[in-house]
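One structure below.
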Amino acid sequence: MLKFIPARFEVEEHRRHVYTCRECAKHDDGIDIKIPFIRAAMPNTLIPGSFTTPELVAAIINAKYVCAMPLARQQQEFERYNVAISRQDDVQLVTALRRRLLFASLSADAGNHAHSRYFTWG
Numbered sequence: 131m132l133k134f135i136p137a138r139f140e141v142e143e144h145r146r147h148v149y150t151c152r153e154c155a156k157h158d159d160g161i162d163i164k165i166p167f168i169r170a171a172m173p174n175t176l177i178p179g180s181f182t183t184p185e186l187v188a189a190i191i192n193a194k195y196v197c198a199m200p201l202a203r204q205q206q207e208f209e210r211y212n213v214a215i216s217r218q219d220d221v222q223l224v225t226a227l228r229r230r231l232l233f234a235s236l237s238a239d240a241g242n243h244a245h246s247r248y249f250t251w252g
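Per the numbering used here, the very first residue in the sequence shown carries number 131; after that it's consecutive.
Next up, the structure:
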């Protein structure tokens with residue numbers, strides 16, 4: 131038997147607690163001192179400042195380049211699942227990822243082909 135389970139979206143929440151020194155705060159007598167605080171780091175993302183997870187990026191890139199699905203059609207598919215991802219967000223995501231992958235490949239090849247020229251087409 132083969133069972134099909136449709137795609138689903140899950141929201142990941144990352145909560146960061148901020149800790150301060152209570153003793154330092156008690157001794158603040160109106161003097162402008164900096165009270166130290168500690169905050170946990172956020173998990174790394176593929177694209178800094180992005181809301182996407184690696185799974186979502188993989189799905190968008192797979193649909194665009196493997197299944198030949200334009201970003202406009204992907205946006206309509208997201209809307210069917212009540213997920214609001216604009217086409218502009220998709221374009222920025224794909225562009226940022228292409229730049230990052232291109233930079234990584236050029237950096238890796240820089241030592242091998244010092245006098246080579248690279249041309250890219252968008």
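Glycine is no exception: its CB is placed at the ideal position from the N, C-alpha and C atoms. Values in this document were obtained by computation on a predicted structure and should not be read as measured data.
message = Looking at the strands, I want to know which residues DSSP matches up with PHE167.
response = THR150
inquiry  = Taking 8 Å as the limit between beta carbons, can you name the residues of its chain near PRO166, skipping five residues before and five after?
reply    = THR150, CYS151 and CYS154
request  = With PHE208 as the anchor, note down where its alpha helix (DSSP H) starts and where it stops.
outcome  = 201-210
request  = Between the Cα of VAL224 and those of VAL196, PHE233, GLN206 and VAL187, spot the shortest distance and give me the residue it belongs to.
outcome  = VAL187
query = Cβ atoms of GLN204 and ALA214: under 8 Å apart, would you say?
reply = no
ask   = Going by the CB atoms, is the gap between LEU227 and LEU176 shorter than 8 Å?
value = yes
inquiry  = Which same chain residues end up closer than 8 Å to ALA170 when comparing Cβ atoms and leaving out the 5 residues on each side of it in sequence?
reply    = ARG146 and HIS147
query = Between which two residues does the alpha helix (DSSP H) carrying ALA189 extend?
reply = 184-191
request  = Would you please state the rounded distance, in angstroms, between the beta carbons of ASP220 and ILE191? I believe it to be under 8 Å.
outcome  = Contact flag wrong, Cβ pair sits at about 10 Å.
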